[in-house]
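Let me begin by presenting the structure, written as structure tokens, before commenting on it.
2 protein chains.
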Amino acid sequence: MSNKPAFKRAEPDERRQSVIEACARVLAHAGASGASVRTIALEAGVSPGLVGHYFGSVDALVAATYGQTGARVDAALEEALSAAGPDPRAKLEAFVTASFLPPIADPELLATWVAFWSLVRARSDIAAQHDTQYANFRAQLETLLAACGLPDAALHRAAIAISALVDGLWLELCLSPGCFSAAEASAIARAQIEALISTNR
Amino acid sequence: MSNKPAFKRAEPDERRQSVIEACARVLAHAGASGASVRTIALEAGVSPGLVGHYFGSVDALVAATYGQTGARVDAALEEALSAAGPDPRAKLEAFVTASFLPPIADPELLATWVAFWSLVRARSDIAAQHDTQYANFRAQLETLLAACGLPDAALHRAAIAISALVDGLWLELCLSPGCFSAAEASAIARAQIEALISTNR
DNA sequence: TTGCTTGTTGGACGATCGTATAACAAGTGA
DNA sequence: TCACTTGTTATACGATCGTCCAACAAGCAA
């Protein structure tokens, strides 16, 4: 008589990864207030104690989840950028509209991101991650805008405008999915880009 | 020897109001996860039991706070609208840029709003309030845009674009206050309006 | 002053929270 | 086959959670 094993060992890295992904799913589904050790552990299919073993505390796990989620978004943006070809305008539009296509447009990812926003005020480590994340996003936008011929004096403001528009469209796409489509969001963003570039020419 | 009273009675309506305002402050400072009955009661200067007496549950209190916060924003927008004078374009710009001026630009209010966003997925009552709130906001925008001469076919998309931009600027103004100013946000929004109207003329 | 209404308090209750830790077992090398 | 390492589980602990309710007292009417 051979019982099946009570649990399966995993490589530390991939176990960490699976717990992080479970944390992201819980944040998306239950919000920041529902992300307890036990809920996350249940979602990941492990015992609650394992979370402490790998991350030390729930706060550290949430911070790690933010980092991993941000890295995943960055990778998707970079992928869209390299798939766009050499034309500067095409690169800029691909970079911006990638936020409305998979995998970034995933409602779960958006909801996870909102949960992070809700933690920025209360958690200084999350605030620091947010600042670097958005500074990086805007810096990439400025580079792409400069390549499109935008004068240096207009870069800062244009990057803020685009980043705000993308955030707002992303947010509404998540909170009220039936109101407008991803294609409409892309069209709106492209129109904004066109307006920004043509008024500075 | 006359001891001071142990507590002060209040009119039910104004007591409800003060508890709601305390809830908003806690949501802004501690996020959705920190909004416990005891924390809110401490902030309001009352006993924890009073929250249950007036609102029945914490969830109901949060929903009431959302409703009151939304009403306050609506009132501020209406105020900005009536102070703008008769010109349609001036009314539209006043309506949009009011989000970057007091009392809407208050970081506490913004943080409270983010806490509500984080609850939309987990709480269907909050989601319903969000939908009506934003449908109303966009409807007002469409009316103002139509008065500026925008053709009917462009109203829907233009309202989405403006509402998304305002949300995004509002959000960034709250999460990274040092990155750009309210005046810059207003300028960006006015530029967006100018672009939307001139391309449809 | 006295009695009454009811806003208000403060603690009890079970559930759940985050964290720490001892016991267990899966997989590996000798 | 048999230790041995260590990933994993299960439980315990105090703190805090939301909710409930009996007792208290502030303010008004008589």
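Protein chains in written order, with this note's numbering: chain A, 30 to 230; chain B, 30 to 230.
Each residue gets a CB set at the ideal place from its N, CA and C atoms; glycine is no exception.
Here residue 68(B) has 55 as same chain residues with Cβ atoms under 6 Å from its own Cβ, once five neighbours each way along the sequence are excluded. Contact between residue 70(A) and residue 79(A) is confirmed by a C-beta separation of about 7 Å, below the 8 Å threshold. In the structure shown, residue 93(A) adopts helical secondary structure according to DSSP, grouped into three states. Cβ neighbours of residue 99(A) within its own chain (closer than 8 Å, five residues either side excluded): 158, 162.
Contacts with chain A at 7 Å (Cβ-Cβ) do not include residue 137(B). DSSP, reduced to helix, strand and coil, places residue 120(B) within a helical segment of the structure shown. Contact between residue 128(A) and residue 199(A) holds: CB atoms are separated by about 6 Å, below the 8 Å threshold. Under the DSSP assignment, residue 179(A) falls outside any alpha helix (DSSP H); it carries neither an H nor an E label. Sequence-distant partners of residue 196(A) (beyond 5 residues in either direction) whose C-beta falls short of 8 Å from its own C-beta are missing from its chain. Of all residues in the stretch 143–160 of chain B, the ones placed with a Cβ closer than 8 Å to any Cβ belonging to chain A are 143, 144, 146, 147, 148, 149, 150, 151, 156, 159, 160, in chain order.
Residue 60(A) is classed as buried because its beta carbon has at least 16 other beta carbons within 10 Å across all chains shown. Residue 226(A) is a Cβ neighbour of residue 177(A), given a cutoff of 7 Å. Contact between the stretch 167–185 of chain A and the stretch 118–138 of chain A is present: 3 or more CB-CB pairs across the two stretches fall below 8 Å.
Contact of residue 194(B) with chain A is assigned, a C-beta pair being separated by under 7 Å. Annotation for residue 138(A): the continuous alpha helix (DSSP H) segment containing it runs 136–149. Around the beta-carbon of residue 84(A), 16 or more other beta-carbon atoms lie within 10 Å, marking it buried. Annotation: the continuous alpha helix (DSSP H) that includes residue 66(B) extends over 66–73.
For residue 121(A), there are no neighbours in chain B by C-beta distance under 7 Å, as the nearest C-beta there is about 17 Å away. Interface residue (Cβ-Cβ distance to chain B less than 7 Å): residue 60(A) is classified as such.
Under the DSSP assignment, residue 223(B) falls in the alpha helix (DSSP H) whose first and last residues are 211–228. By the Cβ criterion, the stretch 181–188 of chain B is not in contact with the stretch 183–194 of chain A, since fewer than three pairs of Cβ atoms, one from each stretch, lie closer than 8 Å. Cβ-Cβ separation between residue 93(A) and residue 49(A): approximately 6 Å, consistent with a contact (criterion under 8 Å).
Under the three-pair Cβ rule at 8 Å, the stretch 109–123 of chain A does not count as touching the stretch 104–120 of chain B. Taking C-alpha positions only, residue 62(B) is separated from residue 58(A) by approximately 14 Å. Taken through DSSP and simplified to helix, strand or coil, residue 133(B) comes out as coil. At least one C-beta of chain B is nearer than 7 Å to the C-beta of residue 224(A).
Measuring C-alpha to C-alpha distances from residue 229(A) to each of 212(A), 141(A), 183(A), 118(A) identifies 183(A) as the nearest. DSSP, read as helix, strand or coil, puts residue 85(A) in coil. Counting of Cβ neighbours within 10 angstroms places residue 39(B) among the exposed residues, the total staying below 16.
Judged by DSSP secondary structure, residue 62(B) falls outside any alpha helix (DSSP H); it is assigned neither H nor E.
Residue-level contact check: residue 140(B) touches chain A, since one or more beta carbons of chain A fall below 7 Å from its beta carbon. Only those residues of the stretch 90–107 of chain A whose C-beta falls short of 7 Å from the nearest C-beta of chain B would be listed, and there are none. Counting only the Cα atoms, residue 219(B) lies some 16 Å from residue 220(A).
Ranked by how close their Cα comes to the Cα of residue 87(B), the residues 103(B), 166(B), 64(B), 76(B) have 64(B) in first place. Taking CB atoms only, residue 200(B) has a neighbour in chain A less than 7 Å away.
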